[in-house]
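Student:
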Amino acid sequence: MIYIAIAVVIFAIGGIGIIWKDNILLKLLSLGIMNAGVVVLFVSIAGLKHRIPAILNTNGPYADPLPQAVIITSIVIGFATMSLALVFTMLISLKKGTLSSKKLQEDIDREH
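Numbering (the working numbering), first residue to last: 2 to 113.
#1: Near Ile46, which residues of its chain fall below 8 Å by C-beta distance, leaving aside the five closest residues on each side in sequence?
#2: Just tell me which of Val77, Glu107, Lys96, Gln106 has its CA closest to the CA of Ala37.
#3: Skipping 5 residues on each side, what residues in its chain have a beta carbon closer than 8 Å to that of Gly16?
#4: Secondary structure at Asn24, three-state DSSP: helix, strand or coil?
#5: With DSSP as the reference, please indicate the residues paired to Ser101 in a beta bridge.
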């Protein structure tokens with residue numbers, strides 16, 4: 002149960018970072034922290050029953066491999082979206098010359 006509390010704390014730290022930080026790179030880092038909190042939550046929920054891995058040749062209740070597959074997929078998708086977001090952040094910083102979300106919002110408001 003302690004791992005679930007740790008996952009919630011990690012997720013909350015990432016959420017606070019997204020809300021309070023003005024820099025887009027720090028917001029992306031906070032989003033990555035939130036993703037890590039979700040991964041810790043899934044891993045902790047999948048490991049609550051203390052079952053043995055399915056690769057061992059023993060009798061008994063086997064661990065469900067589906068949560069492991071979901072976690073691996075989540076990690077890969079999180080890495081891909083983070084990479085794409087960093088590329089877009091680089092393009093924004095080159096075009097606008099700033100990474101401040103407030104300044105970027107002011108530029109968007111002036112253009113429209």
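Glycine included, C-beta positions come from ideal geometry on N, C-alpha and C.
Tutor: From the atom records:
#1: Correct list, in chain order: Ile5, Pro68.
#2: Per the Cα distances, Val77.
#3: A distance below 8 Å between beta-carbons, with the five flanking residues on each side excluded, links Gly16 to the following residues of its chain, in chain order: Ser31, Met35.
#4: Of the three classes helix, strand and coil, the one that applies to Asn24 here is strand, per DSSP.
#5: Note: Ser101 sits in a beta bridge opposite Asn24.
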